[in-house]
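Contents: one structure, followed by commentary.
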Amino acid sequence: MDPLIRMKEARLKGLIPDDVYDLVVKRFPMAVEGINRIEKASGIRYPTAYVDPAIVISSPNPNSYEFGILFARTIPVFFDDKFHVVIQISAPLIAYGLKGTIHAILAHEFLHFLELTRK
Numbered sequence: 007m008d009p010l011i012r013m014k015e016a017r018l019k020g021l022i023p024d025d026v027y028d029l030v031v032k033r034f035p036m037a038v039e040g041i042n043r044i045e046k047a048s049g050i051r052y053p054t055a056y057v058d059p060a061i062v063i064s065s066p067n068p069n070s071y072e073f074g075i076l077f078a079r080t081i082p083v084f085f086d087d088k089f090h091v092v093i094q095i096s097a098p099l100i101a102y103g104l105k106g107t108i109h110a111i112l113a114h115e116f117l118h119f120l121e122l123t124r125k
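Following this note's numbering, the numbering of the sequence shown begins with 7 at its first residue and continues without gaps.
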């Protein structure tokens, strides 16, 4: 799977500006480096990951002003009658995040992956 396919589709549809797309593509190797570090340290292959052009905003109560921003999330899915885990990474994290922050968030999502797959 091309981890930037959703970005490419959004660009073709005119949903994201070219400069933002270019910035994500330019900075994406930082995410790859983080994934490689996690795999090397753990000896475990990182799950499928992709960059989504959107960012997720969550709220425990739609009538409140409380909300959280999810820069990445771990999504359990069933495909071909098998359990899989996919890591969704937001384009704003890749475009504007510090390298250490990107790596820390990738490691955090990896821990969710481990928790989901150990059961």
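Every residue gets a Cβ at the ideal spot worked out from N, C-alpha and C, and that includes glycine.
In this structure, does DSSP put A60 in helix, strand or coil? Within the sequence shown, numbered from 1, the residue matching residue 60 stands at position 54. Coil.
Output the boundary residues of the beta strand (DSSP E) element that contains R33. Translated into positions along the sequence shown, residue 33 becomes position 27. Premise fails: R33 lies in the alpha helix (DSSP H), D24 to S48, not in any beta strand (DSSP E).
Jot down the residue ranges of each uninterrupted alpha helix (DSSP H) in the segment 68–121, minimum 4 residues, whole runs only, in chain order. 97–102
So is R17 buried or exposed if we call it buried at 16+ other beta carbons inside 10 Å? Taking the sequence shown and counting its residues from 1, one reaches residue 17 at position 11. So R17 counts as buried.
Cβ shell of L6 (< 6 Å), same chain only, five flanking positions each side left out: Lying before the first or after the last residue shown, residue 6 is absent from the chain, which here runs from 7 to 125.
Rounding to the nearest angstrom, what Cα-Cα distance links G103 and F84 in this structure? As a first step, residue 103 is located in the sequence shown; it is residue number 97 there, counting from the start. As a first step, residue 84 is located in the sequence shown; it is residue number 78 there, counting from the start. Whole-angstrom Cα-Cα distance: 31 Å.
From which residue to which residue does the alpha helix (DSSP H) around R12 run? Against the sequence shown, residue 12 aligns to sequence position 6. Here the alpha helix (DSSP H) through R12 covers I11 to L18.
Would you mind stating whether R33 and I100 have Cβ atoms separated by less than 7 Å? Numbered from 1 along the sequence shown, position 27 holds the residue referred to as residue 33. Numbered from 1 along the sequence shown, position 94 holds the residue referred to as residue 100. Yes, the pair counts as a contact, with Cβ atoms nearer than the cut-off.
Are there 16 or more other CB atoms within 10 angstroms of the CB of G40, so buried, or fewer, so exposed? Residue mapping note: residue 40 aligns to position 34 of the sequence shown, counting from 1. G40 comes out buried.
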